[in-house]
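Input: a single structure, listed below in structure tokens.
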Amino acid sequence: MIRLLKFFGWSIVAVFCGLLLGLSGAYLYLSPGLPSVEALRSIQLQIPLRVYSSDNKLIAEFGEMRRTPIRFADIPPNFINALLSAEDDNFANHYGVDPSSLMRAATQLVKSGHIQSGGSTITMQVAKNFFLTSERSFSRKTTEILLALQIERQLTKDEILELYVNKIYLGNRAYGIEAAAQVYYGKSIRDVSLAQMAMIAGLPKAPSRFNPLANPARSKERRDWILGRMYKLGKISEADYTAAINEPLNASYHVPTPEVNAPYIAEMARAEMVGRYGSDAYTEGFRVTTTVPSDLQELANTAVHEGLMTYDQRHGYRGPESRLPGKTKEAWATELTKQRTISSLEPAIVTQVEKNGLQVLTRTGQEHVSWETMKWARPFLNTNSMGASPKQPSDVAQVGDLIRVQRQADDSLKFSQIPQAQGALVSLDPQNGAIRSLVGGFAFEQSNYNRALQAKRQPGSSFKPFVYAAALDNGYTAASLVNDAPIVFVDEYLDKVWRPKNDTNTFLGPIRLREALYKSRNLVSIRLLQAMGVGKTIDYITRFGFNKQDLPPNLSLALGTATLTPMEIATGWSTFANGGYKITPYIIDKIESRNGDTLFVANPPSVPQGAAASDGIAAPTTPQAFTVNALPGEAPGTTPAPQAPAVAERIVDGRTTYILNSMLEDVIKLGTGRRALALGRPDIAGKTGTTNESKDAWFSGYNADYVTTVWTGFDQPESLGRKEFGGTVALPIWMNYMGAALKGKPPHTQPEPEGILSLRVDPVSGRAASPGTPGAYFELFKAEDTPPSVNELGNGTAPGSPLPADEQAPIDLF
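Just so we're aligned, residue 1 is where the sequence shown starts under full-length UniProt numbering, counting upward by one.
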């Protein structure tokens, strides 16, 4: 018996020594190839790109992995207890490897003949997740054990847990416990309940099998088991256990919730970041702060949405999106799940037509649509005509119609439809080019085509101020007379005749430039361009930032036949608003690393303030300075030193823009922009634009704070309607936005530069008025361009003098 005991004793010693020698040999063999555990201290987890407004509200998140790293100190103790109860209840006592767990795994291997569980501790899982693959083999397990032992020697338990909870995959693109809490419960891990913590703690073992969305029953079973373990181990009280066990699972999928609806802004920022950093933009945890304040962006969203809805309903109801009669409510409900909400317009199916409205099925259930909200829905016949006004709900909709409804503030539903017309709005800070708001279409869900940046359309009369600026810089004055009379252009080679006309088909004869601009007289613009020369004028206009190839080299340019985007128009108009300086639009104000280090700060060329900006003399320019970007995943140790402010280049005489500004103010006071008088502001200026057959409708306008351009039209050009113009479609959108954006702000006008004179002028001749001249008014002039007296010169062709007699008749040009 004693010999048998000795035999077993020596056998155990031999096995132990064998294991020790085996492990030692494995260590000596594998250790040269083991990765450095020290790398874990500086590990860079993949974190998505996040884009914020200028007031630090989330606009968007980009990246395959949803991850928000959390420090160990911020992890709730109850979650730590839940996690350890589920994954490694001996974590505090072992040194990276738990022999009892390994023995249990070995026993399962012997009994079943294959690996069922790895007996892994949390430390071993950290080793596997950061350094190894998911291969199931003895060599990989041995390496895992050796790495775990090294990790325990070099890192604290808290550091190991922090690495683990931020790395693990927990289903639905959620990596780390903070992201999981956001995905399943829409809140931080610090704010979830004990039961919810237990659910999340149960996911590392099998994120798909125990997923609360895909397998709620299994998820609850796993959660309850973990709660039971916590109670058994004394981590929670009986009362807490009972309350948590009885709590419903109540998990649902939560996408990152933007605080600001600015998808076009988000896409612009994303594209620029990819241009800077490549694919690392999605994984390095960059925080991008844009130039867009959330309040201005929401104002722009509302203005475009309401403006297009108003235009669309003005032209009638085109009928349901589809008809689904004779279906069951279950079939209708299934159909609704296939439909997307488009810019707050929800899909609904008519289930009953009543005298006072409709009963409709929405995703939230059965609801009512009032007849009062349907009375606009005259049948659409074509762009210029509609059918008779409906007398009752049955004239508009039938059971089974798939329609659109808009939820109101009181949760009632308004009958609606998705507009076919599109629009875009761009608002810039004319002092430095910062984009303050941008809308690229009615709904990003409908189309991510950014019309503000990509839609090249003819701007019509909103382009005329560039021609007038060229004239004012070439000897013309606001009082110069130009003949508003018929003109004919004949191409003898093509046998074509062009007879440009004014939109009213009337002619006013000799007219002052100021009056011609606010009355938008086409023939005056053509004669100006003809007199100055097309080539010379194009060279002048390109200084506003336009590409020469987008400007047609013929007289039609005077009518706005260039092909330009709303952003290009707004950029050019910024020069009028800031006193003659060229700005460059930009969207990213600051880029920060995952650690909060500043990688980039915008330093845009800006309009100089003070004396340098108040005269018409060219200001010195300074090369634009930029912060040197760090390599992807790296960041400077300190915030970059302040940069010397870059100064914008003067491209137009400040006196020219001051005079032109006063002329554009008259467009608001006396011309096609008179509707904007309702804003009650003395500091706004602007110009409408409408192209042939009303295919494009524009309004561009500004004060010294914001320059805003609005475009409306169809993606495939067609008429907006016979009675639709820039002043009826685009201007209301501009007014809605600018009225709210400037609310409470004091008037902000350009300071008068040196070299400007105000003289009384004869309205008939455009010359300096003599005492007693009837109707004389004060006009602005450059000091060197003052007009002669009425009695000083006879008829001539100098700017400001009456036109020769032969200019009164039509001109044939061959």
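We put the CB at the ideal spot given by N, CA and C, even for glycine. Note that this is a predicted model, so its numbers are computed, not measured.
Inter-stretch contact at 8 angstroms, needing at least 3 Cβ pairs: the segment 385-402 / the segment 310-319 | yes
Kindly indicate which residue of D395, R521, F546 and P258 has the alpha-carbon position closest to the one of F507.
-> R521
How far does the alpha helix (DSSP H) with P465 in it reach, from first residue to last?
-> Its alpha helix (DSSP H) spans residues K464 to L472.
Contact check, I511 vs W698, beta carbons under 9 angstroms | no
What separation, rounded to the nearest whole angstrom, lies between the Cα atoms of P636 and N603?
-> With a pLDDT of 38 at P636, under the threshold of 50, the modelled position of this residue cannot be trusted; read the value that follows with caution. Near 18 angstroms, if we compare the C-alpha coordinates of N603 and P636.
Candidates E354, E515, M197 and D715, of which the one nearest I668 by Cα | Nearest C-alpha to I668: E515.
Cutoff 7 angstroms; reference S461; Cβ partners in own chain excluding five residues on either side | Result list for S461: S520, G560, K687, T688, G689 and T690, in chain order.
So what's R512 in DSSP terms, helix, strand or just coil?
-> Assignment of R512 by DSSP, reduced to helix, strand and coil, places it in the strand class.
Excluding the five sequence neighbours on either side, which residues of its own chain have a C-beta within less than 8 angstroms of the C-beta of P763, listed in chain order?
-> Short of 8 angstroms from the beta carbon of P763, and not among the five residues preceding or following it, lie these beta carbons of its own chain, in chain order: R512, G775, A776 and Y777.
Going by C-alpha distance, which of Y476, N129, W711 and A239 is nearest L161?
-> When only C-alpha atoms are compared, the closest one is N129.
Over the uninterrupted alpha helix (DSSP H) stretch that includes G307, give me the two end residues.
-> S294 to R314
Would you please verify whether the beta carbon of T142 is less than 9 angstroms from any beta carbon of chain D?
-> The structure shown contains no chain D; it holds only a single protein chain.
Under the three-state reduction of DSSP, which class applies to S606: helix, strand or coil?
-> S606 falls in the strand class under three-state DSSP.
How about A377 and V353: do their beta carbons lie closer than 9 angstroms?
-> no
Under 9 angstroms, do L194 and A82 count as touching if we go by C-beta distance?
-> For L194 and A82, yes; Cβs fall inside 9 angstroms.
Is it the case that the Cβ atoms of V707 and L731 are separated by a distance below 9 angstroms?
-> no
DSSP on E167, reduced to helix/strand/coil?
-> The amino acid occupying residue 167 in the given sequence is Lys; Glu does not appear at that position. Here K167 sits in helix by DSSP.
Is the segment 187-201 close to the segment 223-230, with three or more CB pairs under 8 angstroms?
-> yes
Those residues which DSSP pairs with H368 across a bridge | Answer is Q359.
Per-residue burial, G580 [other beta carbons within 10 Å of its own, 16 or more giving buried] | buried
Secondary structure, beta strand (DSSP E): runs of 3+ residues fully inside the segment 743-777 = 756-761
In this structure, does DSSP put S389 in helix, strand or coil?
-> Shown here, S389 sits in coil according to DSSP, grouped into three states, outside any helix or strand.
In this structure, does DSSP put N78 in helix, strand or coil?
-> Note: N78 maps to helix in three-state DSSP.
Which whole-angstrom value is the C-beta distance of A452 and M273, which I expect to be below 8 angstroms?
-> Not a contact, Cβ separation roughly 19 angstroms.
Nonlocal neighbours in the same chain, by C-beta distance under 8 angstroms from Q408, ignoring five residues either side = K414
How long is the line joining the alpha carbons of P459 and V761, rounded to whole angstroms?
-> Cα-Cα distance, rounded: 32 angstroms.
Might you give, ordered along the chain, the residues of its own chain that have their beta carbon closer than 7 angstroms to the beta carbon of W498, omitting 5 neighbours on each side?
-> F489
Using CA coordinates, which residue listed in L147, V304, L345 and D666 is at the minimum distance from Y737?
-> V304
Using 8 angstroms as the Cβ pair cut-off and three pairs as the minimum, do the segment 651-670 and the segment 708-728 touch?
-> no
From D503 to T712, what distance separates their C-alpha atoms?
-> 19 angstroms
Residue from P320, E335, K355 and R404 whose Cα sits closest to the Cα of F380 | P320
Which residues DSSP lists as bridging V396, in chain order = None; V396 has no bridge partner.
Expressed to the nearest angstrom, what Euclidean distance is found between the alpha-carbon atoms of N215 and N166?
-> Rounded to the nearest angstrom, the two C-alpha atoms are 24 angstroms apart.
At least three beta-carbon pairs within less than 8 angstroms, the segment 260-277 to the segment 230-244 = No: the two stretches stay apart, fewer than three of their Cβ pairs being nearer than 8 angstroms.
When DSSP labels each residue in this structure, what does T328 get in the three-state scheme?
-> coil
Would you call P347 buried or exposed, if buried means 16 or more other Cβ atoms sit within 10 Å of its Cβ?
-> buried
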